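Each remark here refers to the structure printed beneath this line.
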Amino acid sequence: ISARERQLLAILDHSPNLVFVKEPEGRYLFVNQRFAEVFHLTREEIAGKTDRELFPARQATAFRLNDRKVLQAGIPLEFEEVAQHDDGPHTSIVFKFPLCDADGRTYAIGGITTDITDRKAMEHALRESQARLAMALDARQQLDADLHDNIIQMLYAVGMSLEQARHLLHYNVTATDDTLKGALSNLNHVIEDVRGYIGRQEPPRLCGNQLIATLSDLIQTMQEANGLRFTLQMDPSATQHLTAEQSLHLYSIAREAISNCFRHANAQHALLSLQV
């Protein structure tokens, strides 16, 4: 071979990418040294063979299908292909292109393969990290909502109880004592809730009767500190059809509405109802 051909061959053999040339029928005409090393074959063993003779059937079929696409299109095309290596499947970007004679007829297909397995693994790890970050942000938003919708409202109820106790202090010691006991009980509820939020991995599940019981407890706690009395009318058949997520959203809505009633309604009676 000429000096120029030796120079070109040396360049190809020192490339970290796999380089190959095939006949239009799929038989290998040339592979570089890296191609032979990766698949533990010699150039002599590869020359004149097809993909089906060298690789597993599924892998060979995929390679040949992409070869035909290049032949049909008559232009360079890029593919993502998977080949079995010693350490498992490797994903590569394969740039395939037609080699044409002076008359424009394709006499061979060239290919350059770049292994992107490590990049794919990093992309997968990045997607997992992004998913974990999204979950953490969702949990933070849920905690913020819980602190606003539950803890702050409970503290507001305690504050109303203490205000009521201040007014009762000078003329009704018994009522003052009962009111302070209620405030202490509410504070204990707040402490338990905060502990629950700190250790909680996911929002509580409220299904069916659990939603009704939780709302009943909330109303009882809130009305202990206020003259407003709530009536709860919940159709069990309606709550049974709610998903856990729907129940949690409904509880948050009801909790906000109850709190607004206590603070702004200036009423003596209120009704919370859910019907089919």
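In terms of the working numbering, the sequence shown opens at residue 1171 and continues consecutively. Here a beta-carbon is modelled for each residue, glycine too, at the ideal position from N, C-alpha and C. Model, not experiment: these values are computed from the prediction.
- In this structure Leu1381 touches Tyr1421 by the C-beta definition: roughly 6 Å separates them, less than 8 Å.
- The alpha helix (DSSP H) runs of length 4 or more contained entirely in the stretch 1250-1318 are, from start to end of the chain, 1287-1316.
- Residue pairing from DSSP places Val1189 in a beta bridge opposite Ile1282.
- Minimum Cα-Cα distance from Thr1231 among the listed residues His1411, Gly1196, Asp1285 and Gln1438 corresponds to Gly1196.
- A straight-line Cα-Cα distance of about 6 Å links Arg1213 and Ala1206.
- Less than 7 Å divides the Cβ of Leu1402 from the Cβ of Ser1386.
- Distance between Lys1192 and Thr1287, taken at the CA atoms: about 24 Å.
- Separation of Ala1304 and Gly1280 (C-alpha to C-alpha, rounded to the nearest whole angstrom) is 44 Å.
- Between Thr1283 and Leu1188, the CB-CB gap stays under 7 Å.
- Here DSSP, grouped into helix, strand and coil, assigns Ala1383 to helix.
- DSSP places Arg1228 inside the alpha helix (DSSP H), whose first and last residues are Ala1227 to Ala1243.
- Per DSSP, the continuous alpha helix (DSSP H) segment holding Arg1222 begins and ends at Asp1221 to Leu1224.
- Where Gln1403 is concerned, the enclosing beta strand (DSSP E) starts and stops at Arg1399 to Met1404.
- In the DSSP annotation of this structure, Leu1444 is not part of any alpha helix (DSSP H); the continuous beta strand (DSSP E) holding it starts and ends at His1439 to Leu1444.
- Distance from Pro1246 to Val1252 at the Cβ level is roughly 21 Å; contact not present, criterion being Cβ atoms closer than 8 Å.
- Excluding the 5 residues flanking it on each side, Gln1254 has same chain C-beta neighbours closer than 7 Å at Pro1226 and Gln1229, in chain order.
- By the C-beta density criterion, Asp1308 is exposed, having fewer than 16 other C-beta atoms within 10 angstroms.
- Annotation: the continuous beta strand (DSSP E) that includes Phe1200 extends over Tyr1198 to Val1201.
- Here the alpha carbon of Ala1427 sits roughly 18 Å from the alpha carbon of Thr1409.
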